[in-house]
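> Numbering (our numbering), first residue to last: 70 to 261. All residues carry an ideal CB built from backbone N, CA and C; glycine is no exception. All values reported here derive from a predicted model rather than from experimental measurement. I have a structure I would like to understand better, so I am pasting it below and will then ask my questions one at a time.
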DNA sequence: GAAGGTCAAGCGCA
DNA sequence: CTGCGCTTGACCTT
């Protein structure tokens, strides 16, 4: 724990610093039982989609399942409104969308990337709730030679990335040969 | 509407 | 062992 906010109920770690809050990690924002229950409901009830992409002469599956919802019309059966409230309580912002990602096992991943800036509102945060199995995320400055920082994203944790950090840093979930269970992320964003 | 950026798997390297 | 950089090319933006 590098830093704690004395005025907030939950402690967080500052992974990257900038004027907009940088990248902050709260390891325990949602209790384990709640996190597990939400994981199961989303796993079983979300509208998961399998995207495909061309790769040389083949077409391959994107190595994760995805779902997307606008917060104005959330399906009642999914616990997304409650999750939004939990996020909102710690990091207030006019969130209007959630993206869900399901990493089924260690072969699922996302390449290092930054969130597309033209689909985001400047100065508004990106809030990522993790559920299910822990998974390592790497975060690395785009310029300079600094090595990636790894964070083990725990179930019930919250990672908040500033808009500014998407310009300076990229992040990804590498594949792993270790046996890992399914992990889910729910990413709350403010879209124009 | 155009086109510069994205991002998949696998290989070779340090 | 594992992170990383490089490769090609269809599809972009919810």
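Pick from 206, 133, 198: whose alpha carbon is nearest that of residue 157?
Ranking 206, 133, 198 by Cα distance to residue 157 puts 198 first.
> Please tell me whether residue 219 and residue 205 are closer than 8 Å, where the distance is taken between their beta carbons.
Yes, the pair counts as a contact, with Cβ atoms nearer than the cut-off.
> Per DSSP, residue 159 is paired with what?
BP columns for residue 159 are empty, so no partner.
> Measure the CB-CB distance between residue 51 and residue 98 and report whether it falls below 8 Å.
The structure shown does not extend to residue 51, since the chain is modelled only from 70 through 261, so no value can be given for it.
> Specify the secondary structure class of residue 240 as computed by DSSP and reduced to three states.
Residue 240 falls in the strand class under three-state DSSP.
> According to the neighbour-count rule (16 or more other Cβ atoms, all chains shown, within 10 Å of its Cβ), is residue 252 buried or exposed?
Burial call: buried.
> Give the DSSP-derived three-state secondary structure of residue 166 in the structure shown.
In the structure shown, residue 166 sits in a strand (DSSP, three-state: E or B).
> Could you compute how far the alpha carbon of residue 164 sits from the alpha carbon of residue 248?
Computed Cα separation, rounded: 34 Å.
> For residue 210, list the residues DSSP reports as bridge partners.
In the DSSP output, where bridge partners are listed per residue, residue 210 has 238.
> Using the beta-carbon count (16 or more within 10 Å), is residue 118 buried or exposed?
By the neighbour-count rule (16 or more Cβ atoms within 10 Å), residue 118 is not buried but exposed.
> Do residue 232 and residue 200 have their C-beta atoms closer together than 8 Å?
Contact flag unset, no.
> Which ranges would you report for the beta strand (DSSP E) in the segment 92-151 if only whole runs of at least 3 residues count?
92-95, 121-124, 127-130, 134-139, all fully within the segment 92-151.
> Can you list, in chain order, the residues of its chain whose CB lies under 8 Å from that of residue 215, leaving out five sequence neighbours each side?
Here the set comprises 209.
> Within 10 angstroms of its Cβ, does residue 144 collect 16 or more other Cβ (buried), or is it exposed?
With fewer than 16 Cβ atoms within 10 Å of its Cβ, residue 144 is classed as exposed.
> With which residues is residue 172 paired in a DSSP beta bridge?
DSSP, once it has assigned bridges, lists 252 as partnering residue 172.
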